[in-house]
Every structure is written in structure tokens, then in C-alpha cells.
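Asks: The numbering used here puts the first residue of the sequence shown at -5, with every later residue one more than the last.
Where a beta carbon is used, it is the ideal one built from N, C-alpha and C, also for glycine.
The structure presented is a predicted model; accordingly, all values stated were derived computationally and were not measured.
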Amino acid sequence: MIRWMIVIFLALLLISWFTPLLHKLGFGKLPGDFRFRAFGREWFLPVTTTILLSFVASLIAQVI
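Structure representation (C-alpha cells):
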């Protein structure tokens, strides 16, 4: 259980570090990434970006 908590923490840390770089490359602005305002807040659902990054991660996992 502790190992999974550490892995999740490290994954979130890496994602937060690479988020500015991914935005510069165009991720988060792809067709299928939804931004909308509701209840006085701006909501962002990166559907296409999530699918694309999951595909890349699975390719890397297969190579390793």
C-alpha cells in the first residue's frame, strides 16, 4: 500500500513538473479537450490529451 502511495505521489510530481512543457508543445489545446465555465469556475477536461499520453506511456512500457 505504501509503495502505491509513493508511486502515485511521484507520478503527480512529475506531471506537475512537465505540465508547462506540455502546454508549450500544444497538449491541452487539442480537439477534444474541453474548457467551460460552470458554477463560477472554469473547468478543464483534457480528454484527448489524456488518451494520447496514455497511448505514449503504454508504448514506452511495452518497450521497457
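Where residue 43 and residue 12 are concerned, what is the direct C-alpha to C-alpha distance, given to the nearest angstrom?
Replies: Along the sequence shown, one-based indexing puts residue 43 at 49. Along the sequence shown, one-based indexing puts residue 12 at 18. Taking the straight line from one Cα to the other gives about 13 Å.
Asks: When DSSP builds the beta bridges, which residues end up paired with residue 40?
Replies: For the purposes of this step, residue 40 is taken as the residue at position 46 of the sequence shown. Paired residue(s): 27.
Asks: Which value, in whole angstroms, describes the spacing of the CA atoms of residue 56 and residue 29?
Replies: Position 62 of the sequence shown, counted from the first residue, corresponds to residue 56. Position 35 of the sequence shown, counted from the first residue, corresponds to residue 29. For residue 56 and residue 29, the distance between alpha carbons rounds to 33 Å.
Asks: What is the rounded straight-line gap between the Cα of residue 50 and the Cα of residue 25?
Replies: Counting from 1 along the sequence shown, the entry for residue 50 is found at position 56. Counting from 1 along the sequence shown, the entry for residue 25 is found at position 31. Answer to the nearest angstrom: the Cα atoms are 18 Å apart.
Asks: What number of angstroms, rounded off, separates the C-alpha of residue 3 from the C-alpha of residue 16?
Replies: Numbered from 1 along the sequence shown, position 9 holds the residue referred to as residue 3. Numbered from 1 along the sequence shown, position 22 holds the residue referred to as residue 16. Approximately 19 Å, taken between the alpha carbons.
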